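Here our numbering is used: the first residue of the sequence shown is 5, the next is one more, and so on. Glycine included, C-beta positions come from ideal geometry on N, C-alpha and C. Because the structure is a prediction, the values reported are computed rather than measured.
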Amino acid sequence: MQILVAGGAGYIGSHTCVALLEAGHDVIVADNFSNSKPVTLDRIKAISGKDLIFYEIDVTDAAAVETVFANHVIDGIIHFAGFKAVGESSEQPLAYYYNNLVSTMVLARACEKYEVKRFVFSSSATVYGENAIPFVETMSLLPTTNPYGETKAMSERILSDVARVHADWSVVLLRYFNPVGAHKSGLIGEAPNGIPNNLVPYIAQVARGKLKKLRVFGNDYPTPDGTGVRDYIHVCDLAEGHVAALDHLSEGVHIYNLGTGQGTSVLELVKAFEEANGMAVPFEIVERRPGDIAECYADTSKAEQKLDWVAKRDIVDMCKDAWQFEKGFKE
Ligand code: WQD
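Next up, the structure:
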């Protein structure tokens with residue numbers, strides 16, 4: 005199929021483009037490089053050995069999006085193009101609501117006009133809020149602690165309501181847990197602008213000597229070692245989950261957790277990174293980070309059964325691949 009990948013130059017988008025091309029799909033990328041770099045497109049082509057079509061556009065711009073849909077027969081769309089920093093969303097709520105919601109609505113309206121009936125949306129486990137773990141797709145969503153999470157829950161609602169009036173549409177909402185790691189080639193990976201918010205890129209920059217030491221945000225959580233527990237999933241497993249979703253489309257709205265079902269604490273991850281890469285990662289325990297929850301991991305049974313997909317890479321793979329990308333990274 006010819007797939008429009010909105011945000012395809014980004015961290016998860018680029019890895020998904022590689023997986024799509026390797027699975028024989030054709031790819032059109034729309035990206036404005038607000039949180040990505042042009043060189044990533046060359047690396048997607050180098051890894052996959054395939055070409056792709058690219059539009060440098062902002063997908064909140066309806067006229068620009070119209071050009072893409074008018075010029076190509078699009079069989080389906082995967083929408084990654086959103087701002088995604090939890091802390092930043094609390095500082096810039098309007099930027100997050102505008103960008104993340106308008107992009108979803110602009111793309112959905114174009115799908116209506118051009119009768120594109122397959123829509124895969126990049127959602128997040130954040131939408132579960134403080135539900136009991138493991139998170140299951142059938143749970144009612146609870147308020148999240150931040151505008152970012154709210155934009156994901158609202159986008160899910162928008163797409164679900166649109167699907168309700170288009171019975172022949174297939175809408176898939178993929179709820180990511182904690183994507184980490186990088187393609188084994190070391191050519192693409194997570195390269196956040198500025199100081200990383202997320203744990204693994206921060207650890208990798210400490211390992212490279214760019215940052216002095218890791219601050220562990222609290223060790224007084226009700227968890228085995230007191231530090232936060234998360235369900236880390238290799239970004240390539242996540243990418244393959246998107247291909248599996250396209251391979252198993254059916255009409256209606258379908259929600260899937262994309263995680264491993266395993267919880268790993270901060271200190272366990274630090275130890276795994278040190279052992280996988282033969283180095284020390286200095287850290288200090290500091291205060292909790294506002295908005296963090298103690299534990300978060302997925303019930304993965306629905307994706308395993310309905311998508312015939314399961315995460316294959318373990319925490320050692322994630323740490324090795326993250327470090328391989330980081331040590332080769334050029335500013
Ligand atoms: C993981 C753990 C921190 C940094 C967020 C979003 C989620 C998704 C992934 C987009 C927590 C601890 C972290 C540090 C630390 N983003 N930590 N020191 O907050 O679970 O999830 O990113 O889809 O939607 O909510 O990820 O990597 O920031 O934190 O101790 O310097 O590491 O307290 O326990 P998080 P994270």
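Asked                                                                                                      : Found
Rounded separation between G256 and F125 - CA only                                                         : 14 angstroms
Start and end residues, beta strand (DSSP E) containing V33                                                : D30 to D35
Inside the region 233-321 only - alpha helix (DSSP H) runs reaching at least 4 residues                    : 239-251, 270-281 and 305-310
Cβ-Cβ distance between I407 and F181 below 8 angstroms                                                     : The question about residue 407 has no answer, for the chain in this structure spans 5 to 335.
Cβ-Cβ distance between E60 and R212 below 8 angstroms                                                      : no
The region 73-92 contacting the region 112-126, beta-carbon criterion three pairs below 8 angstroms        : yes
Inter-stretch contact at 8 angstroms, needing at least 3 Cβ pairs: the region 213-233 / the region 260-279 : yes
Whole-Å CB distance - L178 paired with H252, under 8 angstroms assumed                                     : At roughly 12 angstroms, the Cβ-Cβ gap does not stay under 8 angstroms, so L178 and H252 are not in contact.
CB-CB length for A23 against H246, believed under 8 angstroms                                              : 7 angstroms
Straight-line gap, A249 to K49 (C-alpha atoms, nearest Å)                                                  : 22 angstroms
CB of I192 within 8 angstroms of CB of H76, strictly                                                       : no
CA-to-CA distance, S189 to V210, given in whole angstroms                                                  : 22 angstroms
Own chain residues within Cβ distance below 6 angstroms of S94, not counting five before or after          : N150
CB-CB length for P183 against I16, believed under 8 angstroms                                              : 6 angstroms
Any non-hydrogen atom of the ligand WQD within 7 angstroms of K324 CB                                      : no
K275: CB within 7 angstroms of a non-hydrogen atom of the ligand WQD                                       : no
V184, DSSP secondary structure in three states                                                             : strand
Assigned secondary structure, H83 (DSSP; H/G/I helix, E/B strand, else coil)                               : strand
Bounding residues of the beta strand (DSSP E) (the contiguous stretch that carries F58)                    : I57 to E60
Limits of the alpha helix (DSSP H) - the one that R113 falls within                                        : P97 to K117
Any chain D beta carbon closer than 8 angstroms to H252                                                    : No chain D is part of this structure, which consists of one protein chain only.
Cβ-based neighbour list, A89, same chain, cut-off 6 angstroms, excluding 5 preceding and 5 following       : N201
Collapsed DSSP secondary structure at I48 in the structure displayed                                       : helix
Neighbourhood of Y206 by C-beta, 7 angstroms cutoff - its chain only, sequence neighbours within 5 removed : P200, L215 and L218
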